[in-house]
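Chemist: I'd like to ask some things about the structure below.
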Amino acid sequence: MYKDKVDEKIIGYLKEDARESFVDIGKKLKLSESAVRRRVKNLVDSGTIKKFTLELGEENATSAIVLVSVDSATDTSKVSLKLAKLEGVKTVYEITGQYDITTIMSASSIAEINNTIDALRKIPGVVDTNTVIILRKII
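Here the sequence shown is numbered in my numbering, starting from 130 and rising by one per residue.
Here is the structure:
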């Protein structure tokens, strides 16, 4: 299906907040609610929009800090870039000390954190990890 600039803007609004009403989107675009509804239906029917999802706030997530040691023969920055692409990895820092990299991970469960750690350990050059689960955020 052909998407025009209006469809692109509707998609943008829905990406920001999938719960935004068609009335509110229509007001922003100077369209009726029914016009927005029809366009969204066409985007769904054509497969442009596959599904509407829910992203839980941080207080509903499990977070972890994972310290990573990299083999001295491996370029740390290359490992960092691969880590940043893993599902659930929110932040990657290259650090000094016993470990070379630390990551902050977030997922809906410890099992998902564990899956990401398993993928992390398969990255060439990773020789050791140390994981701590975050129990509570103070600030």
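Even for Gly, the Cβ is constructed at its ideal location relative to N, Cα and C. Only a predicted model underlies this, so the values are computations on that prediction, with no experimental measurement involved.
Is the beta carbon of residue 196 sitting closer than 9 angstroms to the one on residue 245?
Modeler: Cβ atoms of residue 196 and residue 245: not closer than 9 angstroms.
Chemist: In whole angstroms, what separates the C-alpha of residue 251 from that of residue 208?
Modeler: Between residue 251 and residue 208, the C-alpha separation is close to 11 angstroms.
Chemist: Starting from residue 230, follow the beta strand (DSSP E) in both directions and report where the run begins and ends.
Modeler: Note, residue 230: beta strand (DSSP E), 230-236.
Chemist: Helix, strand or coil for residue 192 per DSSP?
Modeler: Three-state DSSP puts residue 192 in a strand.
Chemist: Report yes if the C-beta distance between residue 202 and residue 254 is below 9 angstroms; otherwise report no.
Modeler: In contact: residue 202 and residue 254 (Cβ atoms closer than 9 angstroms).
Chemist: Pairing CB atoms from the region 166-178 with CB atoms from the region 217-225, are three or more of them under 8 angstroms?
Modeler: In short, these stretches do not touch, since the Cβ pair count stays below three.
Chemist: Pick out whichever of 183, 241, 165, 236 has its Cα sitting closest to the Cα of residue 147.
Modeler: When each option's Cα is compared against that of residue 147, the closest is 183.
Chemist: Do you know offhand how far residue 216's Cα is from residue 194's?
Modeler: Approximately 14 angstroms, taken between the alpha carbons.
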